[in-house]
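Residue numbers (the numbering used here): 2 to 290. All residues carry an ideal CB built from backbone N, CA and C; glycine is no exception. These numbers were taken from a predicted model, which means no experiment stands behind them. See structure below.
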């Protein structure tokens, strides 16, 4: 089935590290307020606990996102991405619901297997991708149950809930889930078809080409059709970088991506060679609409 994407008008967000020059929740909140004033639609924060030596300062993404929620009024916000294999599902259920209530229902939950491996192995946890995938699937299943506000009994191989009820619920009953994965690939995209969005990243590094992203969107249509979810709202997220909102080549690229199904452009601020104030200037200049 072909999707009519000719009228898609994408939203524009920021992909923000939770380390280096950004390792201060006050600075992150100020940047988010700047972004909202400049017309950005979303603010998505990394969820890393360490970065390889030389060690970098890092902040907890959930505390920082709470600061973002208070500093803004309209922007969508959330982690991108949270590896559920190194998060306790019960704690994450509380964090996600609390952030959603605090933000007035503006949150999203980006999930994936997680990288790099040493964020697991340095703390004695397995980095086996198949194990992490199984934990991710079980955790997502339990998370949805805990968001329901009903009494939950769940016995998985890796996560368990015994006769518990979690309140308050997220504002709209649940938090939309965006699933990340390396493209090209199989399992992450079949998983994404069961939820609310896909965030494909290039396995080879860098950014996807327009043709690669179009192939991913087409594959997601097939996966969603098989999952019986073609009628559900679904986001296709592209991460990239533009020098300014007025750069003609960048705006053409954004337009072509929208034509093939992109619903979110996320401007990456991941460049360690650029000082914070230069990143802030780019944010204040606004999105490449």
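Query, Result
"Just verifying my parser: in three-state terms, what is the DSSP assignment at residue 263?", "coil"
"Take every Cβ of the segment 181-201, pair it with every Cβ of the segment 146-163, and state whether three or more of those distances are shorter than 8 Å.", "no"
"Return the residue from the list 230, 63, 119, 257 that minimises the CA-CA distance to residue 213.", "257"
"Could you name the residues of the same chain whose beta carbon sits closer than 7 Å to that of residue 40, not counting the 5 residues immediately before and after it, in chain order?", "287, 288"
"Keeping to the same chain, check which residues put their C-beta closer than 8 Å to that of residue 64; ignore five residues upstream and five downstream.", "26"
"May I have a chain-ordered list of the beta strand (DSSP E) segments no shorter than 3 residues that lie completely inside the segment 85-128?", "110-113"
"Within its chain, find whatever has a CB closer than 8 Å to the CB of residue 112; leave out the 5 residues flanking it on each side and keep chain order.", "82, 83, 84, 85, 137, 141, 178, 179, 180, 181"
"Cα separation between residue 174 and residue 107?", "12 Å"
"Report all residues from its chain with a CB closer than 6 Å to the CB of residue 47; omit the five preceding and five following residues, and keep chain order.", "18, 19"
"Quick check: what's the CA-CA separation for residue 293 versus residue 29?", "Residue 293 lies beyond the stretch modelled for the chain, which goes from 2 to 290, so this question has no answer here."
"Taking the alpha helix (DSSP H) that residue 26 belongs to, which residues open and close that run?", "26-38"
"Drop a sphere of 10 angstroms on the beta-carbon of residue 247, count the other beta-carbons inside from all chains shown, and report buried for 16 or more, exposed for fewer.", "exposed"
"With the cut-off set at 8 Å, would you say residue 261 and residue 211 are in Cβ contact?", "yes"
"Please classify residue 55: does DSSP put it in a helix, a strand, or coil?", "coil"
"When you compare the CB positions of residue 188 and residue 134, do they come within less than 8 Å of one another, or not?", "yes"
"Please go through the same chain and pick out, in chain order, the residues whose beta-carbon is closer than 7 Å to the beta-carbon of residue 282, but skip the five residues on each side of it.", "none"
"How long is the line joining the alpha carbons of residue 110 and residue 78, rounded to whole angstroms?", "9 Å"
"What is the residue span of the beta strand (DSSP E) that residue 46 lies within?", "43-46"
"Quick test of your reading: residue 239 and residue 267, contact by CB under 8 Å. State the CB separation rounded to the nearest angstrom.", "7 Å"
"Which term fits residue 148, buried or exposed, when burial requires 16 or more other beta carbons within 10 angstroms of its beta carbon?", "buried"
"What whole-angstrom Cβ distance do residue 34 and residue 15 have, given they're in contact under 8 Å?", "Rounded, the Cβ-Cβ distance is 12 Å, inconsistent with contact."
"Taking 7 Å as the cut-off, is the C-beta of residue 243 nearer than that to any heavy atom in the ligand MG?", "The ligand MG is not part of the structure shown, which contains no ligands of any sort."
"Identify the continuous alpha helix (DSSP H) that holds residue 189 and give its terminal residues.", "188-193"
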